[in-house]
Amino acid sequence: PGCIHVCLGSYTLHNKIWQQELDYRTWISPPYDPKADLEHFFAKNINDFKAINYRDLGAMIVKQHGVYYYDLTGGYFHDRDIMDNIAYGYKTYQSSISKESYLKPDVTVIVDEESCYWISEDYNVIGAINRCLWAMDDSLYLSGVPFDIYFIDDLIKYPELKDYKVYIFLNTFFMRKNE
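Here the sequence shown stands for residues 365 to 543, where the numbers follow my numbering.
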C-alpha cells in the first residue's frame with residue numbers, strides 16, 4: 365500500500381510532471397481499522413511514517429516528478445514529528461529535484477490502458493483486474509528492483525525503450541499486430 369500506480373516513464377517521455385498525492389493515514393486520527401491496511405497505508409508510529417514518506421518521496425526525486433501532501437481529515441498530520449519529517453523531506457526534495465537522475469533500470473513494465481475492455485463489459489471484472497495490477501505493482505516496488513513503467517503505445521513509438529534487459533507485460537491481454 366502507498367505505492368505509486370502510474371506510468372511515470374510515459375509521463376517523462378511526454379514532458380509531463382506527475383504530482384503524487386501523499387495522503388497517509390496515521391495514528392493521530394483514529395479509529396484504526398486493520399482491514400484498511402490492505403488498501404491504504406496506515407502509519408502506526410513516526411518510524412512507519414518516515415519509512416513510507418522517504419520511500420515515496422525518494423521515488424519521485426529519482427524519477428523527477430512531484431509530490432504534495434493531503435491531510436484527509438485535517439488531523440492525520442497534526443503532530444510535530446510528522447510535520448518536522450515533512451519539512452525535512454521538502455528540503456531534501458528541493459535540493460535534489462534539479463539534479464539529473466542517472467538511474468537506468470534494466471527492467472521495465474509495460475501496461476495497456478485498453479486491454480481490460482477486451483476482457484469483459486462487467487465493471488466488477490475490470491475492477492478485479494485493476495486490483496490485480498495494483499498488487500503486482502506493489503510487489504515490484506517492495507522487491508527493491510529498480511524499474512520503469514510505460515504504456516504499450518510508447519514502447520512502439522520510442523526506439524530508446526528497446527534497450528531494457530527485462531520487459532514485464534503486466535496486463536496486455538489483447539494486442540494488435542503492430543504491438
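From the three backbone atoms N, C-alpha and C, an ideal C-beta is built for every residue, glycine too.
{"Asked": "Considering only the beta carbon of each residue, do Ser-393 and Thr-437 sit closer than 8 Å?", "Found": "yes"}
{"Asked": "Mind checking whether Ser-460 and Phe-538 have CB atoms under 8 Å apart?", "Found": "no"}
{"Asked": "To the nearest angstrom, how far is it from the Cα of Asp-445 to the Cα of Ser-503?", "Found": "29 Å"}
{"Asked": "Here's the rule I'm using: 16 or more other beta-carbon atoms within 10 Å means buried, otherwise exposed. How should Asp-448 be labelled?", "Found": "exposed"}
{"Asked": "Kindly give me the distance between the Cβ atoms of Tyr-375 and Trp-382, rounded to whole angstroms, as I take these residues to be in contact under 8 Å.", "Found": "5 Å"}
{"Asked": "Which of the three DSSP states, helix, strand or coil, is assigned to Leu-436?", "Found": "coil"}
{"Asked": "Counting C-beta neighbours from all protein chains within 10 Å, is the total for Gln-458 16 or more, i.e. buried, or is it exposed?", "Found": "exposed"}
{"Asked": "Leaving out five residues on either side along the sequence, give the residues of the same chain with a beta carbon under 7 Å from the beta carbon of Cys-371.", "Found": "Val-475, Ile-513, Tyr-514, Phe-515"}
{"Asked": "According to the Cβ coordinates, are Ile-522 and Val-471 closer than 8 Å?", "Found": "Ile is not the amino acid found at residue 522; the sequence shown has Tyr there. Taking 8 Å as the Cβ cut-off, Tyr-522 and Val-471 do not qualify as a contacting pair."}
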